[in-house]
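Working notes, beginning with the structure itself.
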Amino acid sequence: MDKSSKYQEVEDEEQAAIKIQAAFKGYKVRKTMAAEPTKAELEAEFSADDKELCNAATKIQASFRGHQARAQKGASNAKVEELRQDMQKMAPTSDAEELDIDLSDPDLHKAATKIQASFRGHKVRKDDK
């Protein structure tokens, strides 16, 4: 047997193996498709008028929505914490700037009161949502 005929034989075996594998995969898919329930069978089994089924579906949906809300809140809490850390990095670290402020200045108290009032209003509006 020469090399070309041996090469041809190996190639033929590979092609035969590919055909066998394809046929088996097709058989396997057809078998699983036959075992799966059809849409009509599922509709017959799960009626929309079944109160117990509707209650179970509602509970599943509610728990998923709760999970989703907690995940979103966790993501927003992470963003808030990241912003808080960024603000701390940007804050002046020296106490010299704080010493230059005249704490007895009435304009300073008015400004602080306005800032506090606007923040409280913001917080109330946010909590009402």
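Numbering (the UniProt record's numbering), first residue to last: 1 to 129. Here a beta-carbon is modelled for each residue, glycine too, at the ideal position from N, C-alpha and C.
Which whole-angstrom value is the C-beta distance of PHE46 and LEU53, which I expect to be below 8 Å? That belief holds up - the Cβ atoms of PHE46 and LEU53 are roughly 6 Å apart, short of 8 Å.
Under the three-state DSSP convention, the category HIS103 falls into: The question names His, but residue 103 is Leu in the sequence shown. In this structure, LEU103 counts as coil in the three-state DSSP scheme.
Taking the C-alpha atoms as reference points, what is the distance between LYS28 and GLU82? One C-alpha to the other measures close to 52 Å.
Should LEU108 and ASP102 be called a contact, given that it needs their Cβ atoms to be closer than 8 Å? Contact: yes.
Could you have a look at GLU36 and say whether DSSP puts it in helix, strand or coil? In the displayed model, GLU36 falls within coil according to three-state DSSP, outside both helix and strand.
Beta-carbon proximity list for residue 130, same chain, < 8 Å, skipping 5 on both sides: This structure leaves residue 130 out entirely; the chain is present only between 1 and 129.
What residue does the alpha helix (DSSP H) around ALA78 start on, and which one ends it? Where ALA78 is concerned, the enclosing alpha helix (DSSP H) starts and stops at 51-90.
Could you tell me whether any Cβ in chain D is nearer than 8 Å to the Cβ of CYS54? Checking the listed chains, one finds no chain D in this structure; it contains a single protein chain.
Could you tell me the distance, in whole angstroms, from the CA atom of LYS59 to the CA atom of LEU42? Going by the C-alpha atoms only, they are around 21 Å apart.
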